[in-house]
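Scroll down for the structure; my scribbles are underneath it.
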Amino acid sequence: NAGVMQNPRHLVRRRGQEARLRCSPMKGHSHVYWYRQLPEEGLKFMVYLQKENIIDESGMPKERFSAEFPKEGPSILRIQQVVRGDSAAYFCASSPAGGINTGELFFGEGSRLTVL
Amino acid sequence: SQQGEEDPQALSIQEGENATMNCSYKTSINNLQWYRQNSGRGLVHLILIRSNEREKHSGRLRVTLDTSKKSSSLLITASRAADTASYFCATSTGTASKLTFGTGTRLQVTL
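Protein sequence lines correspond, in order, to chains G and W.
Take the first sequence: its letter number 65 is residue 65 in my numbering, and every next letter is one higher.
Counting from 1 along the second sequence, just add 116 to a position and that's the residue number in my numbering.
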């Protein structure tokens, strides 16, 4: 049973380009969470999705950032017109139905975005 | 603002010693979880303690929760070099659909 799969693991973009990060949850998990981590800091919540629905996007910047979790395929975190401040590690986590109040989150290894 | 704040920010001990990390939070919680992160890797769940529990054990880990003080502690007994990592507490609150993570404690265990 594969864990949470994120790709790419490392991504380099120039300012103004688009970054697209993908996350495949664990098999049987229908809840996906995206977090951002700056160097030497904790994780900051961005967005929580279930299949085809955004449940909570309170941590997502209003501009340039979007997320989706389609019926088929991985969840995508999209950052348009990247700036240097977007450089960070982006982690995806998944949980089965019931979510975090019933148990743990399972994390992927992260996608490390560097904006030049 | 951070819901959880870990203390200390960094801890260096020798193999075989015990390591204690503390976490304070601000609002009432449903549960509190501890995660471990090795450098450059994702987070791994260690243990979950619910708001109506006071203590929990898992192997060499012992977690306590004091809801009156809004604090939790993680004790790692007989530490090993492989325990070197950052440790984060995370809280689930009310009907919130997310975990809120603290700032982490960086633990270094030397031989």
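Ideal Cβ positions, reconstructed from N, Cα and C, are used throughout, including at glycine.
Note that the structure is a prediction, hence the values are computed from the model and not measured.
Using the beta-carbon count (16 or more within 10 Å), is G73(G) buried or exposed? exposed
Specify the secondary structure class of G120(W) as computed by DSSP and reduced to three states. strand
Quick one: residues in its chain with C-beta nearer than 8 angstroms to the C-beta of S87(G), no 5 flanking neighbours on either side, listed in chain order? L113, T114, V115
Specify the secondary structure class of R84(G) as computed by DSSP and reduced to three states. helix
Under 8 angstroms from the C-beta of G175(W): neighbouring residues of chain G: By Cβ distance, chain G contributes nothing, its closest Cβ being about 16 angstroms from G175(W), past 8 angstroms.
In this structure, does DSSP put A201(W) in helix, strand or coil? strand
On the criterion of 16 or more Cβ atoms from any shown chain inside 10 Å, does S117(W) qualify as buried, or is it exposed? With a pLDDT of only 41 at S117(W), under 50, the local geometry of the prediction cannot be trusted, and no value is derived from it.
Neighbourhood of E169(W) by C-beta, 7 angstroms cutoff - its chain only, sequence neighbours within 5 removed: L181
DSSP-derived helix/strand/coil call for I145(W): coil
How many Å lie between E133(W) and L227(W) at the Cα? 11 angstroms
Can you tell which of Y35(G), P25(G), S75(G), S24(G) has the C-alpha that lies nearest to the C-alpha of A89(G)? Y35(G)
Mind checking if Q118(W) is an interface residue toward chain G, Cβ cutoff 9 angstroms exclusive? Because the pLDDT at Q118(W) is just 47, under 50, the model does not fix this residue reliably, and the value given afterwards should be weighed accordingly. Cβ-Cβ to chain G under 9 angstroms: yes for Q118(W).
Pick helix, strand or coil for E18(G), following the three-state DSSP scheme. coil
Per DSSP, which residues does K27(G) bridge with? Please list them. In the DSSP output, where bridge partners are listed per residue, K27(G) has none listed.
Taking the alpha-carbon of S208(W) as reference, which of A135(W), E122(W), K142(W) has the nearest alpha-carbon? K142(W)
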